[in-house]
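A.B. asks:
Chains as they are written, first to last, in the numbering used here: chain A, 3 to 312; chain B, 69 to 333.
(1) Would the beta-carbon of residue 138 of chain B fall within 8 Å of that of residue 237 of chain B?
(2) Determine, using beta carbons only, whether residue 74 of chain A comes closer than 8 Å to chain B.
(3) Among the residues of its own chain, which have a CB less than 7 Å from the CB of residue 146 of chain A, if the five just before and after it don't count?
(4) By DSSP, does residue 274 of chain B sit in helix, in strand, or in coil?
(5) What does a CB cutoff of less than 7 Å around residue 13 of chain A pick up in its chain, not counting 5 residues either side in sequence?
(6) Residues of the segment 30 to 46 of chain A in Cβ contact with chain E at a cutoff of 7 Å, in chain order, please.
(7) Given a threshold of 16 other Cβ atoms within 10 Å of its Cβ, counted over all protein chains shown, does residue 266 of chain B qualify as buried or as exposed?
(8) At 3 residues or longer, what runs of the beta strand (DSSP E) sit wholly inside the segment 63 to 89 of chain A?
(9) Residue range of the alpha helix (DSSP H) that residue 32 of chain A falls in?
(10) Below 8 Å between beta carbons is the criterion; list the residues of the segment 47 to 63 of chain A that meet it against any residue of chain B, in chain order.
(11) Answer with yes or no whether the minimum CB distance from residue 1 of chain A to chain B is below 8 Å.
(12) Comparing C-alpha positions only, which one of B:226, B:254, B:302 and B:188 sits nearest to residue 317 of chain B?
(13) List, in order along the chain, the chain A residues whose C-beta lies closer than 9 Å to that of residue 69 of chain B?
(14) For the beta strand (DSSP E) holding residue 255 of chain A, just list the boundary residues, first then last.
(15) Note the first and the last residue of the continuous beta strand (DSSP E) segment covering residue 195 of chain A.
(16) Hey, is residue 81 of chain A's beta-carbon within less than 8 Å of any beta-carbon in chain B?
(17) Do residue 83 of chain A and residue 162 of chain A count as a contact pair if the criterion is CB distance below 8 Å?
(18) State whether the segment 284 to 304 of chain A contacts the segment 231 to 242 of chain A, with contact taken as three or more CB pairs (one from each stretch) at a distance under 8 Å.
(19) Taking C-beta to C-beta, are residue 223 of chain B and residue 243 of chain B nearer than 8 Å?
(20) Taking the straight line between their C-alpha atoms, what separation do you get for residue 4 of chain A and residue 298 of chain A?
(21) Of the residues that make up the segment 75 to 104 of chain B, which ones have a beta carbon closer than 8 Å to any beta carbon in chain A?
(22) If I'm right that residue 107 of chain A touches residue 72 of chain B with Cβ under 8 Å, what's the distance once you round it to whole angstroms?
(23) Please tell me whether residue 264 of chain A and residue 249 of chain A are closer than 8 Å, where the distance is taken between their beta carbons.
(24) Spatial neighbours of residue 83 of chain B within its chain, please: C-beta separation below 6 Å, excluding the five flanking residues on both sides.
(25) Looking only at DSSP bridge pairs, what is residue 10 of chain A linked to?
(26) Of all the residues that make up the segment 162 to 183 of chain B, which are near chain A by a beta-carbon distance shorter than 9 Å?
Right, here's the structure in full:
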């Protein structure tokens, strides 16, 4: 089956005075139709560059990018795409409705369908009163929402979104998450770049992580989380004199408050250790999984483990 | 789709504060310049003064139209790039050629409205004050005027492919100054040490580059309407059409090969 999006050894070097700046260094991965894929990386990693190559705003230095089997340079490739740029801006003199009608028309969708879709879309985005308000009077969050609405107005099969919830309030963010899940259930593809890793962890099927133009990881979220699991940390207080001896096989240390910390490598030893502590009269203070979050996996890949709260 | 983009461009121009200030400014200057002459002509009952006023009126309209066309060309997509709207258009299933043609068409509509307003004002003044017959060549003259605006619009668009708008406009005006070189070679050849043939060739060459056919024939044609004076109008139309096609084609090719930078947070 043709992938919804395909990056094939894609490289991009920006021409600058002297040496060029390499923004993408031969990244390759496919996004299948009907999945949500998070595109993660620190600032300047090359996420926006990759998205702009897909949208034919930038050209690849080598390799290629494809949408539904069409080369990104072919306008046909954007027939089924809704795109939201990182910083969305549009002519302030247009009202929300006129703006959406304009882009509905440019997407080639039937105008009656567009007109019927607009109130529904604005209501979902919690801005029904903004329909007849000029964009120049919108707040930052509203501007971002209308940007998202223009990406959706053509009823595209693929959404390419660069930090879609930037500037939105928590309620709006939750709604947008819901929306992505709903779109996936309709068989649509969502490819989103964001810095909110917890959101990606919650809804994405797969994650691509890049840094300095290199693809560091591309896998299912569950696989990445499992790979990052580094055991469990149990903190306890008290216990009889034999307790430490009973835990001899575990890594034991004392924390700053004089409590004992035990690190167990897997769920089986975790259960055994908990049982032993309780049998010897110890009080469990806390139990925490080490790693196993997208945040910690991301930091590990960025060689920033020290920033993890494990 | 092209017309949708064109109509949006026109609406954008209509809401541009810069354009509004420019139009009001040009209107005021025109009125203050033309009205005293019209009044003098009417008071003295001298129809010749009326004809001269018309020539002056069209001369001013031509100069203002030139600057407006140049501004429109130089900011054709540069303004959209600056305000961040270009990326949203580019994400639609449109080729870049369609996008640029749509935007150009929007500017053409604006220039047509400008020319329409100029002519309407002239015809009203003509009807009330001068009452001399309007020759058939008037239509041809208007076509030539529109193409004159278009050639400056297209030149602005071409130069803005690699220069910022203000520099692009300056470059076009600089280019148009080749008319001066043409005049030097054609009319002041006795002062030059070059052979008459070379002077003629260079003079004609610079004249071709000058983005201006000989306007004096055209305005004269408005009042005389005889075939020998209409012929230069056809020449003018062909000349402007050629340059417009050349500049717009080059601007489209360069736009198609250009990469754009989005706004960053």
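All C-beta atoms in this analysis are idealised placements derived from N, C-alpha and C, irrespective of residue type, glycine included.
C.D. replies: On the basis of the coordinates in this document:
(1) yes
(2) no
(3) 90, 168, 169 and 170
(4) Assignment of residue 274 of chain B by DSSP, reduced to helix, strand and coil, places it in the helix class.
(5) Counting only Cβ-Cβ distances below 7 Å, and skipping sequence neighbours, we find 26, 27, 28, 62, 63, 64 and 65.
(6) Protein chains A and B are contained in the structure displayed, whereas chain E is not.
(7) exposed
(8) 64 to 69 and 83 to 86
(9) Looking at the DSSP string, residue 32 of chain A is not in any alpha helix (DSSP H); the run it does join, the beta strand (DSSP E), is 23 to 33.
(10) 50, 54, 57, 58, 59, 60 and 61
(11) This structure gives no information on residue 1 of chain A, because the portion of chain A shown stretches from 3 to 312.
(12) B:226
(13) 107, 108 and 110
(14) 253 to 256
(15) 191 to 195
(16) yes
(17) Going by C-beta atoms, residue 162 of chain A is nearer than 8 Å to residue 83 of chain A.
(18) yes
(19) Contact flag set, yes.
(20) 33 Å
(21) 76, 79, 80 and 83
(22) Sure, about 5 Å apart at Cβ, within 8 Å.
(23) Taking a C-beta distance under 8 Å as the contact criterion, residue 264 of chain A and residue 249 of chain A qualify as a contact pair.
(24) Apart from sequence neighbours up to five positions away, no residue of its chain approaches residue 83 of chain B with a beta-carbon distance below 6 Å.
(25) A:66
(26) 162, 163, 164 and 166
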